[in-house]
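Undergrad:
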Amino acid sequence: MLVIKNLHASIEGAPILKGINLEVKAGEVHAIMGPNGSGKSTLASVLAGREEYVVTEGEVLFKGKNLLDLAPEERAREGVFLAFQYPVEIPGVSTTNFLRTAVNQVREYRGQEPLDAVKFLSVMKEKMKLVEIDQKLMSRSLNEGFSGGEKKRNEIFQMAMLEPTLAVLDETDSGLDIDALRIVSNGVNQLKSSETATIVVTHYQRLLDYIIPDFVHVLHDGRIVKSGTKDLALELEEKGYDWIKEEANTTSV
Amino acid sequence: MTTLTKNKITELFLNHAPSFGTFPQIREKGRSLIIENGLPALKEEEYKFTSISKKLEQSIDDFSPSTRSEFIREIVLSHVFEGFDGDLLVFNNGHYDKTLSSVNQSGLEVSTLIDSVQASLGKIAKSEKDPFVSLNDIYFEDGIFIKVKKNQKIEKPVFFLFFNKTNQGQVISPRILIEVEENAEVSFLENTISLDESSYFSNVVTEIKVEQNAHVHYDRLQSQNRKSILVNNFETDVHRDASFTSLVVSLSGDMVRNNLSLNLLDSGCEGNMYGLYLLNGKTHVDNHTNVDHTKPHSESNELYKGILADSSRGVFNGKIFVRQDAQKTNAFQQNNNILLSDDATVNTKPQLEIWADDVKCSHGCTTGQLDEEALFYLRARGLGKEQAKGMLLYAFAGEVLEHVSDESFKKYLTGIVQERLGSNF
């Protein structure tokens, strides 16, 4: 589904990603871990098409298409979803209106009929249960005045509405308490299928107790320096990142 | 601009000014003030960013007062928005047109200024306050006086329609005086419409007296042609426990200057000022507002927002004056702007003069571009770039439109604004 080959990206001339290689197949969950500043969030941003990052080398294929050629909205319509690390507050835009527009844009692109107001509301109600999100939040402005947990739940709720084939969760767990973490993870797990894939970017092993990854990759200085199963995450939890850094440095010397 | 332009333009007006026998004191005072002070020169503080005199010199060929033009009822009706239900006051090149107007609601009295001979004319918008008031004092032929009677709630809005057509002179001078008596309630709407695409100068003076415990809304749309010059002097005296809400939406014109003054004369007054300017091309819109808190326990709220494209220009100058007596005043002011082009400009200036020591006053202004992070967020959910922009811009503008009093007018304005912002999906 997703093939990343030798991906290099920089921001304002400073290289952040220095040759990422990764293949994600349908039905898989990949966790990307790594210390702060290793390039985890940059990778998520590049996949979603954030314009301030410049891809200097390499390619990304999504369902055989060159993802890097597509505008952010085209990627979304193709089925890529980025759950933001810091969801943006947008005063004056109601969550419901925004989502209805977004859902219908995506449906139109996929050759589906737009949902009318009634149908949309019933789908919304159903998906809201998934992340136990309060109806009241839906009539408010998008993310405005939402708590940290509410914002993250709203991300997963939007994901449920948009039904992506590839979900990239950028530190969705950061700042969540255990209850919120459980709710968010539960939502993600219910959305998993044999046709979809998930990339979980996280700093903490804790999340992986709830969303069990098939593969764990450790990012350091813009490269994947170690890949393994979920046991690798446990090892990281126990030993920290320093041994990875040392190992990586020794190899490069 | 030089004093040459100032003198020249002042002279042109004086040479072409009419000599009406009515309202001799007002005319005389206006004339002597114009002779003494002239029209504003560029260096004058109040008109620093808006060189009206220069614009008039460039655009106006005929400085004689405009007379009535010909147009039919169908034209009027075609400019009445969908869902409108209320009274119509039609102005033809600044002259009240009784036959095209319709006033049916009880509690409302409409007469010409000449017929009613109002002593309060010129007492609210004083000639010495602004040279364009003085100019209107000389140029207006007649105007209308509206009285809203004591204890009457006027259920339906009263809609002013200013039709301007330049074939009968280019200087248009409407004059309006409104008195809303004790405990009365009324809502006014206004639209300025050009019936051709030529230059003209419309110089409006509106005076409103809001008596004790009366409540008045006045919502204006400025959608005149792109060559027109519009100056408004809109001044309100607000008495004890009364409230007045003004809302102005400016969409076009060559140069527009709105002077809005709210005099909160007693305790318990509430004054609200809302404004939205969506500008493109070379349109220049200047909103000068002034709220004067004179007694304790009154409140004012102000929110002006602008979205500027192309090489348009917006000016906001908001003055809050709190006198020594006006303890426990609450006064809030906000001006926010979004610039959509490198050539668009905004000059914003809050002016607070506070002489009382126990007050709550706040002001803030921002000018920036569209929030890129928000734009990316919407696009990352599948919204096209233009659509996402439209959604964000409408969200920004919508905060002002929320305050439109009449639901049908709100719907009409919302449609226009969404169309303009590309968010009509």
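The listed protein sequences correspond, in order, to chains X and H. Anchor point for the first sequence: position 172 equals 172 in the working numbering, and the numbering is continuous, going up by one each time. Quick note: to get the working numbering, add 1000 to the position in the second sequence (first position is 1). Just so you know, even glycine gets a beta-carbon here, dropped at the ideal spot from N, CA and C.
How about ALA48 (chain X): is its C-beta nearer than 7 Å to some C-beta of chain H?
TA: Taking the first residue of the first sequence as position 1, residue 48 (chain X) is located at position 48. Closer than 7 Å to some Cβ of chain H, the Cβ of ALA48 (chain X) qualifies, so yes.
Undergrad: Along the chain, where does the alpha helix (DSSP H) containing ALA1397 (chain H) start, and where does it finish?
TA: Taking the first residue of the second sequence as 1, we reach residue 1397 (chain H) at position 397. Note, ALA1397 (chain H): alpha helix (DSSP H), 1385 to 1401.
Undergrad: GLN112 (chain X): buried (16+ other C-beta within 10 angstroms of its C-beta) or exposed?
TA: Here residue 112 (chain X) is taken as the residue at index 112 of the first sequence, counted from 1. With fewer than 16 Cβ atoms within 10 Å of its Cβ, GLN112 (chain X) is classed as exposed.
Undergrad: Looking at the secondary structure, which residues open and close the beta strand (DSSP E) in which ILE1229 (chain H) lies?
TA: The residue labelled residue 1229 (chain H) in the question sits at position 229 within the second sequence. That run of the beta strand (DSSP E) goes 1229 to 1238.
Undergrad: Note the first and the last residue of the continuous alpha helix (DSSP H) segment covering SER315 (chain X).
TA: With chain X covering only 1 through 253, there is no way to say anything about residue 315 (chain X).
Undergrad: Which two residues bound the contiguous beta strand (DSSP E) that contains LYS1153 (chain H)?
TA: Translated into positions along the second sequence, residue 1153 (chain H) becomes position 153. Careful: LYS1153 (chain H) lies outside any beta strand (DSSP E) and carries neither H nor E.
Undergrad: What does the alpha-carbon distance come out to for the pair SER1127 (chain H) and ILE1034 (chain H)?
TA: As a first step, residue 1127 (chain H) must be located in the second sequence, where it is residue number 127. As a first step, residue 1034 (chain H) must be located in the second sequence, where it is residue number 34. In a straight line, the C-alpha of SER1127 (chain H) is about 10 Å away from that of ILE1034 (chain H).
Undergrad: Output, in chain order, the set of chain H residues within a Cβ distance shorter than 8 Å of PRO114 (chain X).
TA: As a working mapping, residue 114 (chain X) is identified with position 114 in the first sequence. What PRO114 (chain X) touches in chain H: nothing, since even the nearest Cβ is about 11 Å away.
Undergrad: So what's TYR109 (chain X) in DSSP terms, helix, strand or just coil?
TA: Here residue 109 (chain X) refers to the residue found at position 109 of the first sequence. In this structure, TYR109 (chain X) counts as helix in the three-state DSSP scheme.
Undergrad: Chain X partners of MET945 (chain H), CB-CB under 8 Å?
TA: Examination of residue 945 (chain H) is not possible in this model, given that chain H is present from 1001 through 1425 alone.
Undergrad: In chain H, what lies closer than 9 Å to GLU73 (chain X) by C-beta?
TA: The sequence position of residue 73 (chain X) within the first sequence is 73, counting from 1. Residues of chain H passing the Cβ test: LEU1378, ARG1379, ALA1380, ARG1381, GLY1382, LEU1383, GLY1384, LYS1385, GLN1387 and ALA1388.
Undergrad: Look at the alpha carbon of GLY1384 (chain H) and the alpha carbon of GLU73 (chain X), and state the distance between them as a whole number of angstroms.
TA: In the second sequence, counting from the first residue as 1, residue 1384 (chain H) sits at position 384. In the first sequence, counting from the first residue as 1, residue 73 (chain X) sits at position 73. Distance between the alpha carbons of GLY1384 (chain H) and GLU73 (chain X) is about 6 Å.
Undergrad: I need the DSSP call for ASP1142 (chain H), collapsed to helix, strand or coil.
TA: Looking up residue 1142 (chain H) in the second sequence gives position 142. Three-state DSSP puts ASP1142 (chain H) in coil, outside helix and strand.
Undergrad: On a CA-only basis, which of X:ILE32, X:SER38, X:TRP243 and X:ASP69 is nearest ARG50 (chain X)? Give me that one, please.
TA: Along the first sequence, read from residue 1 onward, the residue named residue 50 (chain X) stands at position 50. Looking at the Cα atoms, X:ASP69 is the closest of the given residues.
Undergrad: In chain order, what residues of the same chain have a beta carbon less than 7 Å from the beta carbon of ASN1183 (chain H), not counting five sequence neighbours either side?
TA: The sequence position of residue 1183 (chain H) within the second sequence is 183, counting from 1. Excluding residues within five positions, the ones whose Cβ falls inside 7 Å are LYS1150, ASN1151, ASN1213 and ALA1214.
Undergrad: Find the residues of chain H that neighbour GLN158 (chain X), judging by a C-beta separation of less than 8 Å, and give them in chain order.
TA: Here residue 158 (chain X) refers to the residue found at position 158 of the first sequence. Per Cβ cutoff of 8 Å: ARG1381.
Undergrad: Measure the alpha-carbon distance for PHE1376 (chain H) versus ASN1164 (chain H) and round it to whole angstroms.
TA: To locate residue 1376 (chain H), count along the second sequence from 1; it is residue 376. To locate residue 1164 (chain H), count along the second sequence from 1; it is residue 164. Cα to Cα, the separation comes out at about 44 Å.
Undergrad: Using CA atoms only, rank isn't needed, just tell me which of X:ILE11, X:LEU43 and X:ASN21 is closest to ASP170 (chain X).
TA: For the purposes of this step, residue 170 (chain X) is taken as the residue at position 170 of the first sequence. When only C-alpha atoms are compared, the closest one is X:LEU43.
Undergrad: Sorted by chain position, which residues of the same chain lie with C-beta nearer than 6 Å to VAL1359 (chain H)'s C-beta, five sequence neighbours on each side aside?
TA: Here residue 1359 (chain H) refers to the residue found at position 359 of the second sequence. For VAL1359 (chain H), where only same-chain residues beyond five positions count, the Cβ hits under 6 Å are VAL1322 and THR1329.
Undergrad: DSSP three-state call for ARG1175 (chain H): helix, strand or coil?
TA: Along the second sequence, one-based indexing puts residue 1175 (chain H) at 175. In this structure, ARG1175 (chain H) counts as strand in the three-state DSSP scheme.
Undergrad: In chain H, which residues lie less than 8 Å from LEU43 (chain X) when you measure between Cβ atoms?
TA: If you number the first sequence from 1, residue 43 (chain X) lands on position 43. Ordered by position in chain H, no residue passes the 8 Å Cβ test against LEU43 (chain X), which lies about 15 Å from the chain.
Undergrad: Under the assumption that GLY1314 (chain H) contacts VAL1291 (chain H) (Cβ atoms under 8 Å), give the Cβ distance between them as a whole number of angstroms.
TA: Residue mapping note: residue 1314 (chain H) aligns to position 314 of the second sequence, counting from 1. Residue mapping note: residue 1291 (chain H) aligns to position 291 of the second sequence, counting from 1. With a contact defined as Cβ atoms closer than 8 Å, GLY1314 (chain H) and VAL1291 (chain H) miss out at about 20 Å.
Undergrad: Taking the beta strand (DSSP E) that ASN261 (chain X) belongs to, which residues open and close that run?
TA: Past the edges of chain X, shown from 1 to 253, lies residue 261 (chain X), and the structure says nothing about it.
Undergrad: To test your reading of the DSSP string, which unbroken beta strand (DSSP E) runs of 3 or more residues are found completely within the segment 1168 to 1223 of chain H?
TA: 1175 to 1180, 1185 to 1194, 1201 to 1210 and 1215 to 1222
Undergrad: So the candidates are H:ASP1137, H:ASN1191 and H:LEU1089; which of them puts its Cα closest to the Cα of ILE1416 (chain H)?
TA: As a position in the second sequence, residue 1416 (chain H) is number 416, starting the count at 1. Minimum Cα distance to ILE1416 (chain H) is reached at H:ASN1191.
Undergrad: Look at the alpha carbon of ASP116 (chain X) and the alpha carbon of HIS1284 (chain H), and state the distance between them as a whole number of angstroms.
TA: As a first step, residue 116 (chain X) is located in the first sequence; it is residue number 116 there, counting from the start. As a first step, residue 1284 (chain H) is located in the second sequence; it is residue number 284 there, counting from the start. Just so you know, the alpha carbons of ASP116 (chain X) and HIS1284 (chain H) end up roughly 42 Å apart.
Undergrad: Does ALA248 (chain X) come out as helix, strand or coil in the three-state DSSP assignment?
TA: Residue 248 (chain X) sits at position 248 when you count from the first residue of the first sequence. In the structure shown, ALA248 (chain X) sits in a helix (DSSP, three-state: H, G or I).
Undergrad: Note down the Cα distance separating PRO1065 (chain H) from GLU1373 (chain H), rounded to an integer number of angstroms.
TA: Taking the second sequence and counting its residues from 1, the one referred to as residue 1065 (chain H) is at position 65. Taking the second sequence and counting its residues from 1, the one referred to as residue 1373 (chain H) is at position 373. Between PRO1065 (chain H) and GLU1373 (chain H), the C-alpha separation is close to 52 Å.
Undergrad: Determine the burial state of ALA9 (chain X): buried for a count of at least 16 other Cβ atoms within 10 Å of its Cβ, exposed for fewer.
TA: By one-based count along the first sequence, residue 9 (chain X) stands at place 9. Result: buried.
Undergrad: My assumption, with CB atoms under 8 Å, is that LEU1230 (chain H) sits in contact with GLU1207 (chain H). Please give the rounded CB distance.
TA: Here residue 1230 (chain H) corresponds to residue number 230 of the second sequence, with the count starting at 1. Here residue 1207 (chain H) corresponds to residue number 207 of the second sequence, with the count starting at 1. About 18 Å separates the beta carbons of LEU1230 (chain H) and GLU1207 (chain H), which is beyond the 8 Å limit, so they are not a contact pair.
Undergrad: Report yes if the C-beta distance between ASP1062 (chain H) and GLN1170 (chain H) is below 7 Å; otherwise report no.
TA: Translated into the one-based positions of the second sequence, residue 1062 (chain H) becomes position 62. Translated into the one-based positions of the second sequence, residue 1170 (chain H) becomes position 170. Contact: yes.
Undergrad: When Cβ atoms are compared, which residues of the segment 19 to 30 of chain X fall closer than 9 Å to chain H?
TA: none
Undergrad: Skipping 5 residues on each side, what residues in its chain have a beta carbon closer than 8 Å to that of GLU23 (chain X)?
TA: Locating residue 23 (chain X) in the first sequence gives position 23, where the first residue counts as 1. Within the same chain, GLU23 (chain X) has close Cβ partners LEU2, VAL3 and ILE4.
Undergrad: Would you kindly report the start and end of the unbroken beta strand (DSSP E) that includes PHE1316 (chain H)?
TA: Numbered from its first residue, the second sequence carries residue 1316 (chain H) at position 316. Start and end: 1313 to 1322.
Undergrad: Counting along the chain, where does the beta strand (DSSP E) carrying MET1273 (chain H) start and finish?
TA: For the purposes of this step, residue 1273 (chain H) is identified with residue 273 of the second sequence, where counting begins at 1. It spans 1270 to 1279 - the beta strand (DSSP E) in which MET1273 (chain H) sits, taken as one unbroken run.
Undergrad: Which same chain residues end up closer than 7 Å to ASN1167 (chain H) when comparing Cβ atoms and leaving out the 5 residues on each side of it in sequence?
TA: Here the question's residue 1167 (chain H) lines up with position 167 in the second sequence. If the five residues before and after ASN1167 (chain H) are omitted, its C-beta is found closer than 7 Å to the C-beta atoms of SER1069, all from its own chain and listed in chain order.
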